[in-house]
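Worksheet: one structure, shown below.
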Amino acid sequence: MQIRLTMTGTMKKFLSTDRIDLVLKENATLSDLYDELANVAENKTPSAIWNREKKRFRGPVIVRSGPDILKDVNTCLHDGQEIEFKRFLIGG
Amino acid sequence: MSDNRYARQINCAAGFEQRKLHDSTVLIVGVGGLGCTASMTLAAAGVGSLQLCDHDTVSISNLNRQLLYTESDLGKGKAVVAAEKLKGLNPDTQCIPIASRFSAQSVEEFSRPDLILDCLDNMEARKELIAYAAQQGIPLVHAAIHGFAGQFSFFIPNQTACPFCVVSGDLDSGNAVIPSIGPCVTALASFQAVEAVKHLSGVGETCAGKMMFFDLLTNSVETLNIETDPACTACGKVQGGE
Chain L
1 MQIRLTMTGT MKKFLSTDRI DLVLKENATL SDLYDELANV AENKTPSAIW NREKKRFRGP
61 VIVRSGPDIL KDVNTCLHDG QEIEFKRFLI GG
Chain W
93 MSDNRYARQI NCAAGFEQRK LHDSTVLIVG VGGLGCTASM TLAAAGVGSL QLCDHDTVSI
153 SNLNRQLLYT ESDLGKGKAV VAAEKLKGLN PDTQCIPIAS RFSAQSVEEF SRPDLILDCL
213 DNMEARKELI AYAAQQGIPL VHAAIHGFAG QFSFFIPNQT ACPFCVVSGD LDSGNAVIPS
273 IGPCVTALAS FQAVEAVKHL SGVGETCAGK MMFFDLLTNS VETLNIETDP ACTACGKVQG
333 GE
């Protein structure tokens, strides 16, 4: 199935792109998405924002699909879903 | 309390009462970029008491954005210096330095605040502060910045989502220095202070239940409606009903 990722805010600046399209297996979860993102984009992603060991973004993020916030990595995804990644800011 | 000092703000909104600000206590946690400007504007506006919590000392790299400090303050404790400067700004405002890291114990000897400002710069300390606000039932205004970007939200325990309700992933961001420029920090701190003034004086609408995102490099604004997560690692123990 096809999933479209959109990167907004500072995430877009870090990754130098605002859109990544991924092909995932049927019934894929958010965890599967991260694994595929590692395969596709890890080498282009600065280590400041991507943890290669954990295959996750480094630091807090906000992940949402439409009005829904996705926090559980076991969340099932569906074909054609658009998922937005935004960095939760930290500095003060 | 001098009426002349506040003459220009008395009619700033229908129902605005200066007395309510004067009778209020605000705990500001973190007196860095956000905390300096937020405390200055709240003191100037006539908030009655400011509790200023910060364990850090002033360094040269702070001076591009932390407007209470000058080169003569280098090496001095931020909370103590800030309290002294703010007393000069407005003698009506009682300024209490708390020169330690925030913890429930570090603030227990002081009077209960009406509002907390999260002006921190790391997630672990934020989580502890928000959990404290949730447990104590004290509203909190959150803000954070990164370069020209910023965000803020207003958390009312047992009523609205806290900032952590929308967060996933690793709280540890590594050791990267967060870029920070004075005008952007000042803008976000001012939004934070506006939320505080509205809440304390009982006028207007706060952004409770929302998180506001700004990219001042492109002048873009986004509003995210946020909902309480009963499993939230910061407020969940209280808001999840455990």
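Chains as they are written, first to last, in this note's numbering: chain L, 1 to 92; chain W, 93 to 334.
Cβ coordinates follow ideal geometry from the N, Cα and C atoms, glycine included.
- Inclusion of leucine 119 of chain W and isoleucine 222 of chain W in the CB contact set at 7 angstroms is not warranted, their separation being larger than that value.
- Runs of the alpha helix (DSSP H) lying entirely within the segment 150-196 of chain W, each at least 4 residues long, are 170-181 in chain order.
- Excluding sequence positions up to five before and after serine 116 of chain W, its CB lies within less than 6 angstroms of the CB of Val139, Gly140, Asp206, Leu292, all in the same chain and listed in chain order.
- If you ignore the 5 residues before and after leucine 212 of chain W, its C-beta comes within less than 7 angstroms of the C-beta of Val121, Gly122, Arg218, Leu221, all in its own chain and listed in chain order.
- Excluding the 5 residues flanking it on each side, leucine 22 of chain L has same chain C-beta neighbours closer than 6 angstroms at Ile3, Glu36, in chain order.
- When the alpha-carbon of cysteine 254 of chain W is set against those of W:Val199, W:Tyr98, W:Met303, the nearest one is in W:Met303.
- By DSSP's assignment, asparagine 317 of chain W forms a beta bridge with W:Lys302.
- Excluding residues up to 5 positions away in sequence, Tyr34, Asp35, Ala38 lie with their Cβ nearer than 7 angstroms to the Cβ of lysine 55 of chain L in the same chain.
- Under the DSSP assignment, valine 118 of chain W falls in the beta strand (DSSP E) whose first and last residues are 117-121.
- Counting C-beta atoms within 10 angstroms of its own C-beta, isoleucine 102 of chain W has fewer than 16 neighbours from the protein chains shown and is therefore classed as exposed.
- In chain order, Phe14, Leu15 place their CB closer than 8 angstroms to the CB of threonine 45 of chain L, counting only its own chain and leaving out the 5 sequence neighbours on each side.
- Close partners of arginine 56 of chain L in chain W (Cβ separation under 8 angstroms): Gly261, Asp262.
- The contact set of methionine 215 of chain W on chain L, defined by CB atoms closer than 7 angstroms, consists of Pro60, Ile90 in chain order.
- Rounded to whole angstroms, phenylalanine 305 of chain W and asparagine 182 of chain W show a C-alpha spacing of 31 angstroms.
- Annotated as distal: serine 203 of chain W and valine 63 of chain L, with beta-carbon spacing of 7 angstroms or more.
- Residues Lys219, Ile222, Ala223, Cys254, Phe256 of the same chain have their beta carbon placed closer than 6 angstroms to that of alanine 326 of chain W, with the five preceding and five following residues left out of the count.
- In terms of beta-carbon proximity, glycine 122 of chain W lines the interface with chain L, with at least one pair separated by less than 7 angstroms.
- Put simply, the backbone Cα of serine 153 of chain W is about 16 angstroms away from that of asparagine 267 of chain W.
- Per DSSP, reduced to three states, the secondary structure at valine 277 of chain W is helical.
- At a C-beta separation below 7 angstroms, asparagine 51 of chain L has these neighbours in chain W: Asp262.
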